[in-house]
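Scroll down for the structure; my scribbles are underneath it.
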Amino acid sequence: MDILEVLGLRRYKIIFSSIFILYFFAYQLLTRLIIITQISFPPGVYFVVSTSTPVPPSQMPFPLWGPFISITTPYFTWAMTPLSIGISLFLSLLVALNVTLYLTLYMTMRLKATSQILSSLGLIATALSCSCELFTGLIGSVAANIPFLVSITFMTTLFETLVILALSLLLISTFVLYNELNGKRLLKGISNGVKGFIPVIIFMVISVILPSNPSFSLAKFILSEASGGAFGLALQKKWKYGFLLSVILNILIFSLYPDIYTSELLYILPFISGVVGAIGYTTLKPWARLGILHVIAWSLIMPGPISLILGYPIPFFNLFPSQSLLLWITTWIIGTPLAWYAGIYYLQYLRDTMATKQVEIRISLPRSRESGITWIVIGGFMIAVQVTYFLTHVPYYVDYNGYDLIFLSVMTGVSTLLITIGSITLGYGIAKLINTFFHLPRPKNWFKWSIPFAIAYVFLAGVIHVGVYGYPYPPILLGLFGIPMFAPVITIYVPHIIGAVIYPLQILQLIASSMLAGAIASYTFENRVGKKGLLGTIIGSVAVCPACTLSSFSAYSVSILASALASTYVSNFVNSLQGQLILSFSSEAILLALLIYTGMKARRRLSVPKELRITR
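Dropping the structure here:
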């Protein structure tokens, strides 16, 4: 089932469009990008459009960074930048898509229901899950609505963090719901073995690295208990009194909280409570486990929004208001993923227990005839807009003297993310378009042939250098701002042994070149369409690594070309940034052309009866 096919139905299209529009403007209002207020204008003036920021651009709050425009009327004022509109549109898209997928999943459950009570319970479960999605999106607007927050720097950093959290969780939710609709259960709980201990390490590491101050003490307590709970589940043990003992331990911890919130006991006692609680948790009935998950999750979430409504943070022991604010915001962040998981778990439980009627389910979805052109246009547009934006606003990305590090890093990161999404969308559209003319290799064969090329390109293209020396910088260096797609960049250097420079464009080029070369090799060897494809693959992938120092293999190839043309211009051009980019993208174009050539040839060969084929 394709997501676009679901949205092709009229009723879901209306639901999606309504939620998208309402959520977009709600988000604008909650983040105070749109302010409803009475404004006194001079006589004869009713509408003002301004492109000048009220303060220098580097001092504008997130997400009002970049080219600025404001629309002011006697009734409202609306401030906009590409970044603020992009975040609002993306969040609205994900929230509307998630709610639509939830409703689709609920309708499929109703069709298989063995009891009428499923309609009511399923509606409750769907409402809980959807409300979590709404909280996930709105959580990104919390910083703009904290009237008792003093530090503007903290507010900006908090806003960025919450937006990233919201986008990440909504993307994961979309992926999980899509697989649920296609009959795949990705959330199966914590397994035993090595995989079961991964959450233990993750939760404990986050708990340890959080600052040791009262504001984060409750977050440390929750993460330590979650780590112990994951450990207890991974042990695959059961004890019916474990959960009761965990409750007693938690009561004891909170009674001693003012005395232990800065000591090591805040790690040890919750961890023990989590272990025994998980051992007892597995003995409970499924409905009891569901109830506990929801109560815990929403207990962590609700103090944050309630504090915003009241205008001051809910007190917690003897903490100062600013400390309580941080405390409830961090628990809001922690509780949101848990509430989302509880909602998905609830829907899975209802489907497994009350939706087991053996009937054939057919959702009347229109058959998609989209050839990939739409995806190509969307991807190309996203890339073109960001490239144009960068070329016209270079200081917003590289001018460290005029702008602070956070501003430059976020601008670079957002543009890199949007170009990456556009590139993936463009690649998906090209793949769909090609698939209308001939079938691409099967995933198993494609993967088998792509891996050797990826390994070869890593060394031939200079992604990894062996035996490096003379590098005057620290062994690990992280660059957060610069030209989009060339930053963020990480440099890893082990003297005289190995070194690597890794950045987004390089990774995308490596993946694209390996996949194209793997597909060509699959057609070449498995369908016997000649060896030209393999030769072209080697020639076309000389410059897989864009804009990095040419590898010895690439440099040697360029020197031969320059000597043949008896021109230093060729050598200088190829060693420039523009030249390496043109050479790299030309390489991809050559590989794509060879893929089409070998694919069409393989299709013609397979269409000829076997007894008539001539082996060369």
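Here the sequence shown is numbered in our numbering, starting from 122 and rising by one per residue. Note that CB positions come from ideal geometry on N, CA and C, so glycine has one too.
(1) Where does R131 land, buried or exposed, given buried means 16+ other C-beta within 10 angstroms?
(2) Using only the alpha-carbon positions, how far apart do A147 and F324 sit?
(3) Starting from G353, follow the alpha helix (DSSP H) in both directions and report where the run begins and ends.
(4) Ends of the beta strand (DSSP E) at G600?
(5) Looking at the unbroken beta strand (DSSP E) that takes in I611, where does it start and where does it end?
(6) Using three-state DSSP, classify I604 as helix, strand or coil.
(7) Do three or more CB pairs link the region 354-373 to the region 381-397 at distances below 8 Å?
(8) Check whether the region 443-460 touches the region 285-296, taking contact to mean three or more Cβ pairs, one atom from each stretch, closer than 8 Å.
(9) Ordered along the chain, which non-local residues of its own chain (more than five positions away) have a Cβ less than 6 Å from that of A621?
(10) From G349 to L339, what distance separates their C-alpha atoms?
(11) Let me check one thing: in DSSP terms, what residues is S171 bridge-paired to?
(12) How long is the line joining the alpha carbons of P407 and L414, rounded to whole angstroms?
(13) Can you give the Cα-Cα distance for P564 and A608, rounded to whole angstroms?
(14) Evaluate G187 with the Cβ neighbour count: other Cβ atoms within 10 Å of its Cβ, from every protein chain shown; 16 or more gives buried, anything less gives exposed.
(15) Measuring straight from C-alpha to C-alpha, what distance separates V506 and S544?
(16) So does the region 510-524 actually touch the region 561-578, counting three or more Cβ pairs closer than 8 Å?
(17) Counting Cβ pairs closer than 8 Å, one from the region 706-726 and one from the region 555-562, do we hit at least three?
(18) Taking K341 as the reference, give the member of F352, Y388, Y590, G401 with the closest Cα.
(19) Nearest CA to the CA of H560: which residue from T719, L356, Y578?
(20) Please classify G207: does DSSP put it in a helix, a strand, or coil?
(21) Kindly provide the ranges of any alpha helix (DSSP H) runs that are 4 or more residues long and lie completely inside the region 380-419, ordered along the chain.
(22) Taking C-alpha atoms, which residue in S643, Q149, I542, S173 lies nearest to F574?
(23) Roughly how many angstroms lie between the CA atoms of Y144 and I156, to the nearest whole one?
(24) Cβ atoms of Y549 and L631: under 8 Å apart, would you say?
(25) Output needed for P516: all residues of its chain with C-beta closer than 8 Å, excluding positions within five of it in sequence on either side, in chain order.
(26) Which residue from V329, A355, Q149, V615 puts its Cα closest to that of F318?
(27) Short check: CB of F162 to CB of A217, under 8 Å?
(28) Going by CA-CA distance only, name the one from M606, D380, F580, K359 that's closest to G398.
(29) Grouping DSSP H, G and I as helix and E and B as strand, with all else coil, what is V480?
(30) Would you grab the beta carbon distance between L547 and G501 for me? Rounded to a whole angstrom, and I think it's under 8 Å.
(31) Can you tell me which of the three DSSP states I273 falls into?
(32) Run through DSSP, which three-state label would F646 get?
(33) For G588, which option in S420, H617, L704, Y624 has the closest C-alpha, if you only look at C-alpha atoms?
(34) Where does the unbroken alpha helix (DSSP H) through F324 begin, and where does it stop?
(35) Considering only the alpha carbon of each residue, which of Q444, T403, N219, N300 lies closest to F352?
(36) When you compare the CB positions of D634 and S536, do they come within less than 8 Å of one another, or not?
Based on what the coordinates show:
(1) To locate residue 131, count along the sequence shown from 1; it is residue 10. Result: exposed.
(2) As a working note, residue 147 is residue 26 in the sequence shown. As a working note, residue 324 is residue 203 in the sequence shown. Taking the straight line from one Cα to the other gives about 33 Å.
(3) Stepping through the sequence shown from its first residue, residue 353 is reached at position 232. DSSP places G353 inside the alpha helix (DSSP H), whose first and last residues are 338-356.
(4) If you number the sequence shown from 1, residue 600 lands on position 479. Its beta strand (DSSP E) spans residues 597-600.
(5) Within the sequence shown, the letter at position 490 stands for residue 611. Counting along the chain, the beta strand (DSSP E) containing I611 begins and ends at 610-615.
(6) What you label residue 604 is simply residue 483 of the sequence shown in a count that begins at 1. Three-state DSSP puts I604 in coil, outside helix and strand.
(7) Contact between the region 354-373 and the region 381-397 is established, with three or more Cβ pairs separated by less than 8 Å.
(8) yes
(9) Taking the first residue of the sequence shown as position 1, residue 621 is located at position 500. I585, I613.
(10) Translated into positions along the sequence shown, residue 349 becomes position 228. Translated into positions along the sequence shown, residue 339 becomes position 218. Here the alpha carbons of L339 and G349 stand approximately 15 Å from one another.
(11) Reading the sequence shown from its first residue, position 50 is the one you call residue 171. DSSP, once it has assigned bridges, lists S191 as partnering S171.
(12) By 1-based counting over the sequence shown, the position of residue 407 is 286. By 1-based counting over the sequence shown, the position of residue 414 is 293. Going by the C-alpha atoms only, they are around 11 Å apart.
(13) On the sequence shown, residue 564 is found 443 positions in, with the first residue counted as 1. On the sequence shown, residue 608 is found 487 positions in, with the first residue counted as 1. About 31 Å.
(14) Counting from one through the sequence shown, the residue named residue 187 turns up at place 66. Looking at its Cβ environment, which holds 16 or more other Cβ atoms inside 10 Å, G187 is buried.
(15) Residue 506 sits at position 385 when you count from the first residue of the sequence shown. Residue 544 sits at position 423 when you count from the first residue of the sequence shown. Distance between the alpha carbons of V506 and S544 is about 12 Å.
(16) With the cut-off at 8 Å, the region 510-524 and the region 561-578 do not touch.
(17) yes
(18) One-based indexing of the sequence shown puts residue 341 at position 220. When each option's Cα is compared against that of K341, the closest is Y388.
(19) The residue labelled residue 560 in the question sits at position 439 within the sequence shown. Of the candidates T719, L356, Y578, the one whose C-alpha sits nearest the C-alpha of H560 is T719.
(20) Translated into positions along the sequence shown, residue 207 becomes position 86. Reduced to three states, the DSSP call for G207 is helix.
(21) 386-402
(22) Within the sequence shown, residue 574 is the residue found at index 453, counting from 1. With distances taken between Cα atoms, F574 lies closest to S643.
(23) The residue given as residue 144 occupies position 23 in the sequence shown. The residue given as residue 156 occupies position 35 in the sequence shown. C-alpha separation (whole angstroms): 16 Å.
(24) Here residue 631 refers to the residue found at position 510 of the sequence shown. Here residue 549 refers to the residue found at position 428 of the sequence shown. Not closer than 8 Å, so no.
(25) The sequence position of residue 516 within the sequence shown is 395, counting from 1. Contacts found: G523, Y524.
(26) Here the question's residue 318 lines up with position 197 in the sequence shown. Comparing Cα-Cα distances from F318 to each of V329, A355, Q149, V615, the minimum goes to A355.
(27) As a position in the sequence shown, residue 162 is number 41, starting the count at 1. As a position in the sequence shown, residue 217 is number 96, starting the count at 1. Cβ atoms of F162 and A217: not closer than 8 Å.
(28) Reading the sequence shown from its first residue, position 277 is the one you call residue 398. With distances taken between Cα atoms, G398 lies closest to K359.
(29) Stepping through the sequence shown from its first residue, residue 480 is reached at position 359. At V480, the pLDDT of 42 sits below 50, so the modelled position is not reliable and the matter cannot be decided from this model.
(30) Indexing the sequence shown from 1 puts residue 547 at position 426. Indexing the sequence shown from 1 puts residue 501 at position 380. The Cβ separation is near 6 Å, so the contact holds.
(31) In the sequence shown, counting from the first residue as 1, residue 273 sits at position 152. Reliability fails at I273, whose pLDDT of 49 lies under 50, so the model's placement of it is uncertain and no value is given.
(32) Counting from one through the sequence shown, the residue named residue 646 turns up at place 525. Here F646 sits in helix by DSSP.
(33) Locating residue 588 in the sequence shown gives position 467, where the first residue counts as 1. Looking only at S420, H617, L704, Y624, the smallest Cα-Cα distance to G588 is reached by H617.
(34) Residue numbering aside, residue 324 sits at position 203 when the sequence shown is read from its first letter. First-last of the alpha helix (DSSP H) with F324: 319-330.
(35) Residue mapping note: residue 352 aligns to position 231 of the sequence shown, counting from 1. Out of Q444, T403, N219, N300, T403 has the C-alpha closest to the C-alpha of F352.
(36) Along the sequence shown, one-based indexing puts residue 634 at 513. Along the sequence shown, one-based indexing puts residue 536 at 415. It should be pointed out that residue 634 corresponds to Ser in this sequence rather than to Asp. Not closer than 8 Å, so no.
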